[in-house]
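Everything below concerns the one structure shown next.
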Amino acid sequence: MLCLGSAAAFGQSADSVRSTGTDLMAAPKLSLNDSLTPNIVYVHDTVYVDRDMKKKKKKYSAKTARFHRFDREIQKTTFVPKGTWTCGLAVSYSSRSYDNINMLVLRDVTMDGYSFGVSPHVGYFFANNISAGLRFSYDRDYVNLENLDLNLGEDFNIKLQDLYYLQHNYKVSGYIRTYMSLGGSRVFGFFNEVRIGYGYSQGKNSVGKYEAGTLDATYQTINNLHIGFAPGVAVFVQDWMAIEAQMGIMGVNFNWTHQTHNQVDQGNIKTFSGKFKIDLFSIAIGTVFYL
-6 MLCLGSAAAF GQSADSVRST GTDLMAAPKL SLNDSLTPNI VYVHDTVYVD RDMKKKKKKY
54 SAKTARFHRF DREIQKTTFV PKGTWTCGLA VSYSSRSYDN INMLVLRDVT MDGYSFGVSP
114 HVGYFFANNI SAGLRFSYDR DYVNLENLDL NLGEDFNIKL QDLYYLQHNY KVSGYIRTYM
174 SLGGSRVFGF FNEVRIGYGY SQGKNSVGKY EAGTLDATYQ TINNLHIGFA PGVAVFVQDW
234 MAIEAQMGIM GVNFNWTHQT HNQVDQGNIK TFSGKFKIDL FSIAIGTVFY L
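Heads up: the sequence shown at position 264 corresponds to 257 in my numbering, and the numbers run straight through without jumps.
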């Protein structure tokens, strides 16, 4: 029916052309055997909406805005990727020896001693720029003061002889580190370490000599619980090795000390201390490997 209707319509158009005297050769001739192919035209309409009908922004109340999280866009660069293992070792040693040295109010200082420390650690990055790990440290301090004269005037002089001090300190701690790249660099970066650990110390100090019958000695053990924060700087010198400088600026310490004096008298001390300052002597520099 569609073909017949279309043919009839075109037939009427042809008749109207003859009646007007137009050349029939200029118009296409159609027959019932011709096939018609329909053309589909798509029309796109634009709908204009009044400005008042636009969706308004959601207003936050003072109570809701209080919990709004502000993105500072600090960590945009992966400084250390997830799945990286780290291991490092820090070693420190210092020695001193004085033989009849005079310094200001100190006279005839004769002493020797040393300090030694070693601290290995291992960690794992469970997320980009965030790692967790363990650190073990051992420290040994030794001082043998044979003579020291403190001269503060004609009527005030202090003389010390045969002082001995030795202490061993063992510590184990767990930590979590967060890294931040410096200006998008993959070579220079900052980190902050939060640590909690336990320490055990053994030490003894004495005055006098056993041969002369003037020995007065005290033996002590110390249990320590510490929580601290230690920021630092990491500089990569190779893809797998970095130099780190770290400084403890905040922390709290709980100490339980037990003393035995001359193997007879005993005493106990409990102390609590907090540190919230920059200590230049607490700076530790070491090499860390990233595997």
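Here a beta-carbon is modelled for each residue, glycine too, at the ideal position from N, C-alpha and C.
Can you name, in chain order, every residue of its own chain whose Cβ lies under 6 Å from the Cβ of residue i, other than the five neighbours on each side?
i      : result
Gln195 : His161 and Thr214
Met72  : The displayed chain sequence assigns Phe, not Met, to residue 72. Around Phe72: Asn122, Tyr172, Ser174 and Gly182.
Val102 : Tyr91, Ile94 and Leu141
Gly116 : Thr79, Ser124 and Gly126
Gln252 : Thr211, Gln213 and Gly260
Asp155 : Gly201 and Lys202
Tyr157 : Asn137 and Ser199
Lys268 : Gly244
Asp209 : Val200 and Gly201
In three-state DSSP terms, what is residue i?
i      : result
Met18  : For Met18, the predicted model reports a pLDDT of 49, less than 50, meaning its position is unreliable; a value from the coordinates is still stated below. Note: Met18 maps to helix in three-state DSSP.
Phe184 : strand
Arg179 : coil
Lys47  : For Lys47, the predicted structure reports a pLDDT of 49, less than 50, and the residue's modelled location is therefore unreliable. A value from the coordinates is still provided. Correct three-state label for Lys47: coil.
Val84  : strand
Gly206 : coil
Gly201 : coil
Lys164 : strand
Leu284 : coil
Val102 : strand
Pro113 : strand
Leu97  : coil
Thr77  : coil
Thr70  : coil
If the criterion is Cβ atoms closer than 8 Å, does the pair residue i and residue j meet it?
i      : j      : result
Gly302 : Ala125 : Past the edges of the chain, shown from -6 to 284, lies residue 302, and the structure says nothing about it.
Lys164 : Gly190 : yes
Gly110 : Asn137 : no
Ala238 : Val257 : no
Gly192 : Thr70  : no
Ala235 : Tyr283 : yes
Arg128 : Ser108 : no
His114 : Gly81  : yes
Ile242 : Lys270 : yes
Arg285 : Glu147 : Since the displayed the chain opens at -6 and closes at 284, residue 285 lies outside it and no answer follows.
Tyr135 : Leu159 : yes
Using a C-beta cutoff of 8 Å, does residue i count as contacting chain B?
i      : result
Val165 : Absent from the structure is chain B; it holds one protein chain and no more.
Within the same chain, show all residues whose beta-carbon is closer than 8 Å to that of residue i, passing over the 5 residues directly before and after it, in chain order.
i      : result
Leu145 : Val98 and Ile151
Leu143 : Val98, Leu99, Arg100, Asn150, Ile151, Lys152 and Leu153
Ser266 : Val245, Asn246 and Asn248
Phe119 : Lys75 and Ala125
Quick check: does the Cβ of residue i come within less than 7 Å of any heavy atom belonging to the ligand FMN?
i      : result
His254 : Among the ligands in the structure shown, none appear at all, so the ligand FMN cannot be discussed.
Within its chain, find whatever has a CB closer than 7 Å to the CB of residue i; leave out the 5 residues flanking it on each side and keep chain order.
i     : result
Lys47 : Legend: pLDDT at Lys47 = 49, less than 50; position of this residue unreliable, value from coordinates given subsequently. None.
Pair every Cβ in the stretch 231 to 247 with every Cβ in the stretch 215 to 222, then say whether three or more of these pairs are closer than 8 Å.
yes
What are the complete beta strand (DSSP E) segments, minimum 3 residues, inside the stretch 116 to 152?
123 to 144
Give the list of continuous beta strand (DSSP E) stretches no shorter than 3 residues that lie fully inside the stretch 221 to 281.
234 to 240, 243 to 254 and 258 to 269
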